[in-house]
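For the sequence shown, this note's numbering begins at 94 and goes up steadily by one.
Where is the CB? At the ideal position from N, CA and C, for every residue including glycine.
Just so we're clear, the structure is a prediction, and the values are computed from it rather than from any experiment.
Down below is the structure, laid out as C-alpha coordinates.
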Amino acid sequence: MWFGATAKHCALYPGAVVEAFKSELKDYDTSKGTIRFQPDHPLPAALGRKLVKARIAEITNR
(Lines of atoms letter the chains of each structure in order from A and count residues from 1; the text may use other names and numbers.)
(Lines give C-alpha, C1' and ligand atoms only; values in the text may rest on other atoms or scores of the structure.)
Protein backbone atom coordinates (compact mmCIF):
# COMPACT_ATOMS: atom_id res chain seq x y z
CA MET A 1 0.00 0.00 0.00
CA TRP A 2 1.38 3.37 -1.04
CA PHE A 3 0.30 6.98 -0.79
CA GLY A 4 1.23 9.81 -3.11
CA ALA A 5 0.48 13.48 -3.59
CA THR A 6 0.83 15.75 -6.60
CA ALA A 7 -0.10 19.34 -7.25
CA LYS A 8 -3.52 18.23 -8.56
CA HIS A 9 -4.55 15.32 -6.33
CA CYS A 10 -3.64 12.76 -3.69
CA ALA A 11 -3.62 9.04 -4.39
CA LEU A 12 -3.79 5.82 -2.43
CA TYR A 13 -2.42 2.67 -4.04
CA PRO A 14 -3.93 -0.31 -2.20
CA GLY A 15 -3.68 -2.70 -5.13
CA ALA A 16 -6.40 -5.02 -6.33
CA VAL A 17 -8.62 -4.47 -3.26
CA VAL A 18 -10.01 -1.38 -5.02
CA GLU A 19 -12.40 -3.59 -6.98
CA ALA A 20 -13.94 -5.01 -3.79
CA PHE A 21 -14.81 -1.49 -2.59
CA LYS A 22 -16.12 -0.08 -5.90
CA SER A 23 -19.50 0.91 -4.44
CA GLU A 24 -17.92 2.71 -1.47
CA LEU A 25 -15.49 4.47 -3.81
CA LYS A 26 -18.09 5.67 -6.32
CA ASP A 27 -17.41 9.33 -5.43
CA TYR A 28 -13.68 8.98 -6.16
CA ASP A 29 -11.62 8.56 -9.31
CA THR A 30 -10.38 4.97 -9.33
CA SER A 31 -8.48 2.62 -11.58
CA LYS A 32 -7.36 -0.98 -11.20
CA GLY A 33 -5.24 -0.36 -8.10
CA THR A 34 -5.46 3.39 -7.47
CA ILE A 35 -7.81 5.77 -5.68
CA ARG A 36 -7.38 9.48 -6.49
CA PHE A 37 -8.93 12.21 -4.38
CA GLN A 38 -8.70 15.90 -3.62
CA PRO A 39 -7.25 17.05 -0.29
CA ASP A 40 -10.51 18.88 0.44
CA HIS A 41 -12.48 15.65 -0.20
CA PRO A 42 -10.37 12.96 1.52
CA LEU A 43 -11.25 9.32 1.98
CA PRO A 44 -13.23 8.73 5.18
CA ALA A 45 -11.00 7.29 7.91
CA ALA A 46 -13.24 4.23 8.32
CA LEU A 47 -12.94 3.43 4.62
CA GLY A 48 -9.19 3.88 4.79
CA ARG A 49 -9.01 1.36 7.63
CA LYS A 50 -11.13 -1.11 5.66
CA LEU A 51 -8.82 -0.77 2.66
CA VAL A 52 -5.71 -1.33 4.79
CA LYS A 53 -7.24 -4.39 6.49
CA ALA A 54 -8.32 -5.84 3.15
CA ARG A 55 -4.84 -5.33 1.71
CA ILE A 56 -3.22 -6.97 4.74
CA ALA A 57 -5.60 -9.93 4.42
CA GLU A 58 -4.78 -10.20 0.71
CA ILE A 59 -1.04 -10.28 1.42
CA THR A 60 -1.19 -12.74 4.30
CA ASN A 61 -3.51 -15.17 2.45
CA ARG A 62 -1.16 -15.73 -0.47
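Can you list, in chain order, the residues of its chain with a C-beta nearer than 6 Å to that of residue i? Leave out the 5 residues immediately preceding and following it.
i: Pro107; result: Met94, Leu144, Arg148
When you compare only the Cα positions, how much space is there between residue i and residue j?
i: Gly97; j: Phe130; result: 11 Å
i: Arg142; j: Gly126; result: 16 Å
i: Lys119; j: Val111; result: 11 Å
i: Ala104; j: Ile128; result: 5 Å
i: Leu140; j: Thr123; result: 14 Å
i: Pro137; j: Ser116; result: 14 Å
Tell me which residue opens and which closes the alpha helix (DSSP H) that residue i is part of.
i: Arg155; result: Note, Arg155: premise wrong, no alpha helix (DSSP H); not H, not E.
Keeping to the same chain, check which residues put their C-beta closer than 8 Å to that of residue i; ignore five residues upstream and five downstream.
i: Ala75; result: The chain is shown only over 94 to 155; residue 75 falls outside these bounds and no answer can be derived.
i: Ala109; result: Lys125, Gly126, Glu151
Could you name the residues that DSSP lists as bridge partners for residue i?
i: Asp122; result: Arg129
i: Gly97; result: Ala104
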